[in-house]
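Protein sequences appear in the order of chains R and U. Quick note on our numbering: the first sequence kicks off at 94 and runs consecutively. Quick note on our numbering: the second sequence kicks off at 36 and runs consecutively. Beneath this line is the structure, given in structure tokens, with notes to follow.
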Amino acid sequence: DGGITQSPKYLFRKEGQNVTLSCEQNLNHDAMYWYRQDPGQGLRLIYYSQIVNDFQKGDIAEGYSVSREKKESFPLTVTSAQKNPTAFYLCASSIRTGPYGYTFGSGTRLTVV
Amino acid sequence: DAKTTQPPSMDCAEGRAANLPCNHSTISGNEYVYWYRQIHSQGPQYIIHGLKNNETNEMASLIITEDRKSSTLILPHATLRDTAVYYCIVRVVGAGGTSYGKLTFGQGTILTVHP
Numbered sequence: 094d095g096g097i098t099q100s101p102k103y104l105f106r107k108e109g110q111n112v113t114l115s116c117e118q119n120l121n122h123d124a125m126y127w128y129r130q131d132p133g134q135g136l137r138l139i140y141y142s143q144i145v146n147d148f149q150k151g152d153i154a155e156g157y158s159v160s161r162e163k164k165e166s167f168p169l170t171v172t173s174a175q176k177n178p179t180a181f182y183l184c185a186s187s188i189r190t191g192p193y194g195y196t197f198g199s200g201t202r203l204t205v206v
Numbered sequence: 036d037a038k039t040t041q042p043p044s045m046d047c048a049e050g051r052a053a054n055l056p057c058n059h060s061t062i063s064g065n066e067y068v069y070w071y072r073q074i075h076s077q078g079p080q081y082i083i084h085g086l087k088n089n090e091t092n093e094m095a096s097l098i099i100t101e102d103r104k105s106s107t108l109i110l111p112h113a114t115l116r117d118t119a120v121y122y123c124i125v126r127v128v129g130a131g132g133t134s135y136g137k138l139t140f141g142q143g144t145i146l147t148v149h150p
């Protein structure tokens with residue numbers, strides 16, 4: 094079945110360490126997105142990519158980095174510069190043109206201790 | 036993108052219709068209305084979208100007012116599994132059909148379906 098896979102589901106890291114969250118899709122979607130969700134809050138856009146080798150900052154990009162070397166993959170690195178990295182991270186993808194909806198992954202819950 | 040306003044919470048009895056309102060009074064002509072829902076600790080799920088006509092699919096119906104300033108998502112026969120946070124979002128679809136990446140989620144409506 095086509096979909097988006099985020100791994101791992103739960104991730105624990107020590108403060109000061111960089112960590113990379115994986116996002117892979119086999120939907121042949123051009124666009125991919127990373128969102129962050131804090132308890133009781135809506136989703137906030139971190140980065141998005143409309144095509145391979147191109148990406149743009151969202152609303153809260155500070156302390157995060159991404160790459161888009163392949164259409165299927167859009168990994169997110171949470172760097173030590175991110176002041177409050179503990180959150181639920183969601184990856185999504187969509188067709189680039191047309192009013193189509195997003196497909197979301199099941200999320201990665203990152204806890205920094 | 037235009038902002039949306041939704042009630043923070045709603046209740047519905049199982050088997051009854053759930054009608055979730057959304058106000059988007061500053062919507063522009065090329066903005067679509069989207070609905071998503073999120074069950075606790077899962078990724079949001081796309082439900083339906085529309086521009087100006089009413090839409091229906093296997094999950095729900097979307098009623099958009101003639102002036103497009105508000106809409107209602109209807110779950111015709113709510114079940115306990117429909118308990119979730121429901122997000123109403125408006126999003127620009129530009130010339131040539133290009134969608135812009137900034138899908139902005141607000142706080143949504145917490146729908147609780149009771150037995």
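All C-beta atoms in this analysis are idealised placements derived from N, C-alpha and C, irrespective of residue type, glycine included.
Between the beta-carbon of GLN99 (chain R) and that of CYS116 (chain R) there is about 5 Å, and that keeps the pair under the 8 Å contact cut.
Closest by C-alpha distance to GLY200 (chain R), out of R:LEU138, R:ALA124, R:VAL171, R:TYR182, is R:TYR182.
Three or more Cβ pairs closer than 8 Å define a contact, and the stretch 74-85 of chain U falls short of that threshold against the stretch 44-54 of chain U. Neighbours of SER186 (chain R) in chain U, taken as residues whose beta carbon is under 9 Å from its own, are absent, since the nearest beta carbon is some 11 Å off. Contacts between SER173 (chain R) and chain U, judged by CB atoms closer than 8 Å, are missing: the closest CB pair is about 26 Å apart.
Excluding residues up to 5 positions away in sequence, ARG72, GLN73, ILE74, LEU146 lie with their Cβ nearer than 7 Å to the Cβ of ALA119 (chain U) in the same chain. Contact between LEU136 (chain R) and LEU203 (chain R) is ruled out by a C-beta separation of about 15 Å, above the 8 Å threshold.
Within the same chain, Cβ atoms closer than 7 Å to the Cβ of LEU86 (chain U) are found at TYR67, the five residues on either side in sequence being excluded. For PRO111 (chain U), there are no neighbours in chain R by C-beta distance under 9 Å, as the nearest C-beta there is about 20 Å away. The beta carbon of GLY78 (chain U) sits closer than 8 Å to some beta carbon of chain R.
DSSP places ARG72 (chain U) within a strand segment (E or B) once states are collapsed to three. Between THR139 (chain U) and TYR121 (chain U), the C-beta spacing is not below 8 Å. A buried status is given to THR39 (chain U), since no fewer than 16 other beta-carbon atoms sit within 10 Å of its beta-carbon.
In the DSSP assignment, HIS122 (chain R) falls outside any beta strand (DSSP E) and carries neither an H nor an E.
GLY64 (chain U) is outside the set of residues whose beta carbon lies under 8 Å from a beta carbon in chain R.
Residue state for LEU138 (chain U) is assigned as coil, using DSSP reduced to three classes. In the structure shown, LEU115 (chain U) falls within a helical segment according to DSSP collapsed to helix, strand and coil. In summary, ALA124 (chain R) is buried, with 16 or more beta-carbon neighbours lying within 10 Å of its beta-carbon over all protein chains present. Closer than 8 Å to the CB of GLY50 (chain U) there is not a single CB belonging to chain R.
According to the DSSP assignment, SER160 (chain R) belongs to no beta strand (DSSP E), since it is labelled neither H nor E.
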